[in-house]
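Asks: In this text, residue positions in the sequence shown follow UniProt numbering: the first is 1, and each later residue adds one.
Positions of the beta carbon are idealized from the N, C-alpha and C atoms, including for glycine.
Here it is, the structure, as structure tokens.
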Amino acid sequence: MADESLAPFHRNRKRLPWKQRQHESSSKANQQLVKMKQPSSSGGTDLRISSPNILTRNGIEVATQLEDLKALEAAKRAKEASLKLAESRLENRLSRPGNENGDDAAQHGLRGEVSTLNQSIEVLEEQIDKGR
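Put into structure tokens, the structure is as follows:
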């Protein structure tokens, strides 16, 4: 039979639902695989595999960083779509004939919107580069 110290664990384990037992066993396995190690004095990074799909660097999960990177890239794509729309609206205003092609408040607003979107995209690109 199993060790005496594990007897209460096994007895109580049978009372838990299957999914909870499975979660507990996988959590304990992950805790055993990843043991926090202090950064070395040389300043090097300590890479360890905690589970098949997650890589940890000094205790910070890289998977979280990848999710953040994907979110930044999605935000950049959304800004680029908005930029294309604003640029096409501005181009349509500039192609108006004669008297209708005036420099009015709406046109200034579109120019400001294009400028703001370009700046936002640059900031997102910097953050994406910093994250890589």
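In this structure, how does DSSP classify Asp46 when only helix, strand and coil are distinguished?
Replies: Any reading at Asp46 needs caution, since the residue's pLDDT is 47, under 50, leaving its predicted position unreliable; the model's value is listed next. Here Asp46 sits in coil by DSSP.
Asks: Starting from Arg89 and walking both ways along the alpha helix (DSSP H), at which residues does that stretch end?
Replies: It spans Val62 to Leu94 - the alpha helix (DSSP H) in which Arg89 sits, taken as one unbroken run.
Asks: Going by other Cβ atoms of all chains shown within 10 Å of its Cβ, with 16 needed for buried, is residue 147 buried or exposed?
Replies: There is simply no residue 147 to check, as the chain begins at 1 and stops at 132 in what is shown.
Asks: Quick check on this structure: which residue in Ala105, Ser82 and Gly109 has the alpha carbon closest to the alpha carbon of Ser120?
Replies: The option with the nearest alpha carbon to Ser120 is Ser82.
Asks: What span of residues does the alpha helix (DSSP H) with Asn118 cover, start to end?
Replies: Asn118 -> alpha helix (DSSP H) spans Ala105 to Gly131.
Asks: If contact is defined by three or more beta carbon pairs under 8 Å, each pair taking one atom from either stretch, is the stretch 84-94 in contact with the stretch 102-111?
Replies: The stretch 102-111 is in contact with the stretch 84-94.
Asks: Distance check for Ala63 and Gly112, CA to CA, integer angstroms please.
Replies: About 37 Å.
Asks: So, helix, strand or coil for Gly102, using DSSP?
Replies: In this structure, Gly102 counts as coil in the three-state DSSP scheme.
Asks: Buried or exposed for Lys130, going by 16 or more other Cβ atoms inside 10 Å?
Replies: Answer is exposed; the Cβ neighbour count stays below 16.
Asks: Which residues in the same chain have their Cβ closer than 7 Å to the Cβ of Leu124, if we skip the five residues on either side of it in sequence?
Replies: Leu72, Ala75, Lys76 and Lys79.
Asks: To the nearest angstrom, how far is it from the Cα of Asp68 to the Cα of Gln127?
Replies: Between Asp68 and Gln127, the C-alpha separation is close to 10 Å.
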